[in-house]
Structure formats: C-alpha cells, structure tokens
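Below is one structure, written out as structure tokens, with a few remarks after it.
Residue numbers (mature numbering (1 follows the signal peptide of the UniProt record, and there is no 0)): -33 to -1, 1 to 264.
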C-alpha cells in the first residue's frame, strides 16, 4: 500500500452497508438516518497530538451517510497510526470479521452519544471486552480490516437517539457532507491519557503515590491476587520519549525495574507481595523517588 487515500468504491460502499445492518442489529436505537440533534460532547481528533490528517465526509456513496474517512493526502502511510478516544466514556470492542467494520470500537459517552472507529489493525482489548477511557486514551491502531480497500480510519459520531451526525465536529473543525478538511490533532497534548489503574490492569487500586518533577510514581495493590504494581506517569513533555523508570522490591527479594526512554509511562512492574513489606519508586529524568520498606501485609 502507498498510504495514499482511495475514494470509496462500490464494493466498499456495499460492505459498509453491511456495517450499518450489523450495527442496527446490535444497537436498534442507532438505525435512524440523519442527525436530528446537536452533539453535546466536545471531540478531539482521534490521533496523536500534532498529527494532521484529512477528514473526508464522502457523499453520496459512503455508508452510513455522515461518517468520516480519515486519510492522508501528503504521501505518508496512515497504516498503523495510533487511534485515541475522541472523548471520554466506556469503550466496547468488536470484530465483524472480513466484511463491514472489521475490527471496531464503539465509545459510549456520558451524555448518551457514541463514536465508532472501524477497520482497526489492532485493538487494546479483545473483541467482547470493554474499557473505561478518557479523552485521548489509546484504543487501537489504523488498519484495513473488514470492508476496506486501503488503510484508513472509518469514524462516526452518533447522537443520543442513535442517528449519525452528518456534520461532525472534531478539534473545532466541522466537516459537513461532501467536505474534506485537514484537521490537526490536539488530543493528549500536554496531558497524560493513561491512568495508573489502566496501566496495571483490572483489580488494581492506588494505595500510595509520590510526586516527581515532570511526573508521579504510583504504588497499586490487587487484593484478589496479592500482587503489587508500580507505574511512573509523566505529567510534562507527555508523548515525547525521555528517560523514565519504575521499580518494585518486596522485602527479602530482588528488585525489579523497568527503565528506558518512554513517552507516557514506565512500568508496569508487578510482583507478588502478599504479607510482605515493599520498597518502590521511580524516576523521570533526574528526579527520582525511593520509598522505605512499607505497606506491609
């Protein structure tokens, strides 16, 4: 693939029509055509901070009408680009197979609206899973699964009634039917889209943390399996790779450290520590924290 956009063909239009049928079966309330209300949620671009791609609101041969194809006319390949939630909510992960959406995610937002992200190469959760996400949380990568003839991101904004908004707005840019507009992402700029709980995984809760210059180190515990987890999250220069670390040392055992050049976080470092004291900490650049042995039992 050259990475240059390919305007939807009749084949792709047909396969995306299957997407609508599938989505209607899964979510009957989303079957109505055309938006009848304004979306209240404010959406960012679904890409990394500073990335510029074209939002193409094809008409009349794009299904469903009002959905966006994110592509690049600059010659760079969009395949494999990180896909982020455009607003906070709960993400649900699906796999429609070789037709229609392919691998896709729906994020249900707090005001009842929804966004959809289709043809993904990878997803952060397996089909059938769900994840609480903030604006900017990574949910997958761009691909060409399902009814797609070139790597791109199929994107929809839907109202609380389930209708597709035919003039969606992202990062302050409204893209109406028949329009193609360049949008530069401000998603995740200057803030970390990840949380310590998200990095460590299900069942972990924060029991302590320590401030660092440019970040924060977290100690978490999972009462279900007796494991501790340490993560260091950036709070400045987010998304720019730089030296970071996280470590965990159960008393009487060796220390485990994750260190390197990272853009968002170091870790997770997970160790069994039920009934044990632990020493933990991390670093961002030259700023570091090391705890005493504590949180015993």
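We put the CB at the ideal spot given by N, CA and C, even for glycine. All values derive from a computational prediction rather than experimental measurement.
For a test of the three-state rule: what should DSSP assign to residue i, helix, strand or coil?
i: residue 164; result: helix
i: residue 45; result: coil
i: residue 235; result: strand
i: residue 1; result: Its pLDDT being 39, under 50, residue 1 is placed unreliably in this model, and the value from its coordinates should be taken loosely. Of the three classes helix, strand and coil, the one that applies to residue 1 here is coil, per DSSP.
i: residue 68; result: coil
i: residue 141; result: strand
i: residue 136; result: strand
i: residue 259; result: coil
i: residue 252; result: coil
i: residue 196; result: strand
i: residue 50; result: strand
i: residue 97; result: strand
i: residue 246; result: strand
i: residue 266; result: The structure shown does not extend to residue 266, since the chain is modelled only from -33 to 264, so the question has no answer here.
i: residue 131; result: strand
i: residue 205; result: coil
Leaving out the 5 sequence neighbours to the left and right, which residues in its chain are closer than 6 Å to residue i when beta-carbon positions are compared?
i: residue 235; result: 166, 167, 196 and 198
i: residue 39; result: 20 and 45
i: residue 92; result: 60 and 98
i: residue 94; result: 60, 61 and 62
For residue i, which residues in the same chain have their Cβ closer than 8 Å to its Cβ, ignoring the five residues on either side in sequence?
i: residue -5; result: Summary for residue -5: the model assigns pLDDT 40, below 50, so the residue's position carries little reliability; its value from the coordinates is reported in the next sentence. Result list for residue -5: 128 and 129, in chain order.
i: residue 193; result: 239, 240, 241 and 242
i: residue 103; result: 11, 51, 52, 154, 155, 158 and 160
i: residue 223; result: 214, 215, 216, 236 and 238
Rounded to a whole number of angstroms, what is the C-alpha to C-alpha distance between residue i and residue j?
i: residue 81; j: residue 97; result: 14 Å
i: residue 225; j: residue 47; result: 25 Å
i: residue 66; j: residue 113; result: 4 Å
i: residue 210; j: residue 233; result: 9 Å
i: residue 110; j: residue 29; result: 18 Å
i: residue 16; j: residue 264; result: 42 Å
i: residue 70; j: residue 214; result: 35 Å
i: residue 258; j: residue 36; result: 49 Å
i: residue 79; j: residue 119; result: 26 Å
i: residue 31; j: residue 14; result: 22 Å
i: residue 58; j: residue 106; result: 8 Å
i: residue 260; j: residue 185; result: 15 Å
i: residue 150; j: residue 132; result: 18 Å
i: residue 72; j: residue 219; result: 44 Å
i: residue 138; j: residue 124; result: 13 Å
i: residue -12; j: residue 254; result: Confidence in residue -12 is poor, its pLDDT being 48 and thus under 50, which makes the residue's placement too unreliable to answer from.
i: residue 221; j: residue 9; result: 47 Å
i: residue 49; j: residue 152; result: 12 Å
Between which residues of its own chain and residue i is the CB-CB distance below 7 Å, once the five residues before and five after are set aside?
i: residue 159; result: 200, 201, 202, 205 and 231
With respect to the beta strand (DSSP E) encompassing residue i, which residues constitute its N-terminal and C-terminal limits?
i: residue 86; result: Looking at the DSSP string, residue 86 is not in any beta strand (DSSP E), and its letter there is neither H nor E.
i: residue 123; result: 120 to 125
i: residue 226; result: 223 to 229
i: residue 104; result: Counting along the chain, residue 104 falls outside any beta strand (DSSP E), and DSSP gives it neither H nor E.
i: residue 212; result: 209 to 217
i: residue 57; result: 56 to 62
i: residue 172; result: 172 to 179
i: residue 182; result: 182 to 189
i: residue 150; result: 147 to 151
Can you list, in chain order, the stretches of the beta strand (DSSP E) that have 3 or more residues and sit fully within the segment 11 to 41? The qualifying runs are 19 to 23 and 35 to 38.
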